[in-house]
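Chains as they are written, first to last, in the working numbering: chain A, 1089 to 1198; chain B, 6 to 123.
We put the beta carbon where it would ideally sit given N, CA and C, even for glycine.
First up is the structure itself, then whatever we jot down about it.
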Amino acid sequence: GQNIDQPTEMTATEGAIVQINCTYQTSGFNGLFWYQQHAGEAPTFLSYNVLDGLEEKGRFSSFLSRSKGYSYLLLKELQMKDSASYLCAVFSGGYNKLIFGAGTRLAVHP
Amino acid sequence: GAVVSQHPSWVICKSGTSVKIECRSLDFQATTMFWYRQFPKQSLMLMATSNEGSKATYEQGVEKDKFLINHASLTLSTLTVTSAHPEDSSFYICSAPTIYRDRWYEQYFGPGTRLTVT
């Protein structure tokens, strides 16, 4: 079967750093995506990891370990606008589609 | 970046009627598009894969006769919710993958369609 797990909710303080973890078990693996979604809006692309290691993009970084079936999204210098849901999704090559986790709702407080 | 549009952005319909939602790739060709449904505070659930020029592939548990998908051109896929009921009220989102080195890469999402069935 296919399974993607991430925490349901997280809270953090403005200016701080937060790490959102994602573990996965899928049939076939062709990359892992992180998306940000604000309420009532479509997801927006944040990062894509297909090889092990860290990908950095400004305040956002994403890490992947394929052997452990594990990824995390690191958000630095948190801003209030970062309050959103963060979706971990695995591109399952065997099925040619993105499988989404349930999402992590992040609340950033002053 | 690539742009995907959806129309309408929101729709209210009466129970028993049908509603058509359009998904267009504006600046690239998409032989494949995906349709998702999202209930409040839940993640995206893949409903079906829309293939240009052939039948759609539906996920387990999704009624193909209720959710009709037509992918008539390389830039347009439509989802028709037939005989809609209140439980079909949801946020419907389409996406289209781009191709990079002959492999699917990033998916671009449409802005979504909020369907409310009264």
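Using CA atoms only, rank isn't needed, just tell me which of A:Tyr1123, A:His1197, A:Leu1142, A:Thr1192 is closest to B:Gln47. By 1-based counting over the second sequence, the position of residue 47 of chain B is 42. For B:Gln47, the nearest C-alpha among the options comes from A:Thr1192.
Taking the alpha-carbon of A:Arg1154 as reference, which of A:Tyr1112, A:Gln1094, A:Phe1133 has the nearest alpha-carbon? Within the first sequence, the letter at position 66 stands for residue 1154 of chain A. For the options A:Tyr1112, A:Gln1094, A:Phe1133, the alpha carbon positioned closest to that of A:Arg1154 is the one of A:Tyr1112.
Proximal residues of chain B, C-beta to C-beta of A:Glu1129 below 8 Å: As a position in the first sequence, residue 1129 of chain A is number 41, starting the count at 1. Result: Pro116, Gly117.
In whole angstroms, what separates the C-alpha of B:His76 from that of B:Leu84? The residue you call residue 76 of chain B lines up with position 71 of the second sequence. The residue you call residue 84 of chain B lines up with position 79 of the second sequence. Roughly 9 Å between the two C-alpha positions.
With DSSP collapsed to three states, give me the class of B:Glu92. Position 87 of the second sequence, counting from 1, holds the residue named residue 92 of chain B. Reduced to three states, the DSSP call for B:Glu92 is helix.
Pick from B:Trp15, B:Tyr41, B:Ile74, B:Lys19: whose alpha carbon is nearest that of B:Cys99? Along the second sequence, read from residue 1 onward, the residue named residue 99 of chain B stands at position 94. Closest by alpha carbon: B:Tyr41.
So with Cβ pairs under 8 Å, would you call A:Gly1157 a contact of chain B? As a first step, residue 1157 of chain A must be located in the first sequence, where it is residue number 69. No, because no Cβ of chain B sits closer than 8 Å to the Cβ of A:Gly1157.
For a contact defined as C-beta to C-beta under 7 Å, what are the partners of B:Ser48 on chain A? Working through the second sequence from its first residue, we reach residue 48 of chain B at position 43. The contacting residues are Leu1175, Phe1188, Gly1189, Ala1190, Gly1191.
Best match in A:Cys1110, A:Gly1103, A:Pro1095 for proximity to A:Lys1164 [C-alpha to C-alpha]: Your numbering for residue 1164 of chain A matches position 76 in the first sequence. With distances taken between Cα atoms, A:Lys1164 lies closest to A:Gly1103.
Would you say B:Thr103 and B:Phe33 are within 8 Å of each other, going by their C-beta atoms? As a first step, residue 103 of chain B is located in the second sequence; it is residue number 98 there, counting from the start. As a first step, residue 33 of chain B is located in the second sequence; it is residue number 28 there, counting from the start. The Cβ atoms of B:Thr103 and B:Phe33 lie closer than 8 Å to each other.
Starting from the beta carbon of A:Tyr1136, find every residue of chain B whose beta carbon is closer than 7 Å, and list them in chain order. Residue mapping note: residue 1136 of chain A aligns to position 48 of the first sequence, counting from 1. The contacting residues are Glu111.
At 7 Å on the CB atoms, spell out the chain B contacts of A:Phe1133, in chain order. Taking the first sequence and counting its residues from 1, the one referred to as residue 1133 of chain A is at position 45. Near A:Phe1133 (Cβ distances below 7 Å), the residues of chain B are Glu111.
What does a CB cutoff of less than 7 Å around A:Ala1172 pick up in its chain, not counting 5 residues either side in sequence? Numbered from 1 along the first sequence, position 84 holds the residue referred to as residue 1172 of chain A. Excluding residues within five positions, the ones whose Cβ falls inside 7 Å are Gln1124, Gln1125, His1126, Leu1194.
Pull up the CB-CB distance for B:Val67 and B:Ala89, whole angstroms please, since I reckon it's below 8 Å. If you number the second sequence from 1, residue 67 of chain B lands on position 62. If you number the second sequence from 1, residue 89 of chain B lands on position 84. In fact, because the Cβ distance is near 15 Å, the residues do not count as touching under 8 Å.
Please report the straight-line C-alpha distance between A:Met1098 and B:Asp70, rounded to a whole angstrom. Residue mapping note: residue 1098 of chain A aligns to position 10 of the first sequence, counting from 1. Residue mapping note: residue 70 of chain B aligns to position 65 of the second sequence, counting from 1. Rounded to whole angstroms, A:Met1098 to B:Asp70 spans 40 Å at the Cα level.
Taking 8 Å as the CB-CB limit, is A:Met1145 close to chain B? Start at 1 with the first residue of the first sequence, and residue 1145 of chain A comes out as number 57. This sequence places Lys at residue 1145 of chain A; Met is not what is there. Using a Cβ-Cβ cut-off of 8 Å, A:Lys1145 does not count as an interface residue toward chain B, since no Cβ of chain B sits closer than that to its own.
Using a C-beta to C-beta distance shorter than 8 Å, which residues of chain A count as neighbours of B:Phe39? In the second sequence, residue 39 of chain B corresponds to position 34, counting from 1. Correct list: Lys1185, Leu1186.
Sort B:Thr37, B:Gly117, B:Val16 by Cα distance to A:Lys1185 and report the nearest one. Here residue 1185 of chain A corresponds to residue number 97 of the first sequence, with the count starting at 1. The option with the nearest alpha carbon to A:Lys1185 is B:Thr37.
Does the Cβ of B:Arg29 have 16 or more other Cβ atoms within 10 Å, making it buried, or fewer, making it exposed? Within the second sequence, numbered from 1, the residue matching residue 29 of chain B stands at position 24. Buried is the call here.
Helix, strand or coil for A:Lys1145? Go by DSSP, reduced to three states. By one-based count along the first sequence, residue 1145 of chain A stands at place 57. The answer is strand: DSSP assigns A:Lys1145 an E or B state.
Looking at C-alpha atoms only, which residue of B:Pro91, B:Phe114, B:Val122 is the closest neighbour of B:Glu27? As a position in the second sequence, residue 27 of chain B is number 22, starting the count at 1. Comparing Cα positions, the closest option is B:Phe114.
Give a yes or no on whether 8 Å exceeds the smallest Cβ distance from B:Leu51 to chain A. For the purposes of this step, residue 51 of chain B is taken as residue 46 along the second sequence, with counting starting at 1. Under the 8 Å criterion on CB atoms, B:Leu51 is classed as interfacial with respect to chain A.
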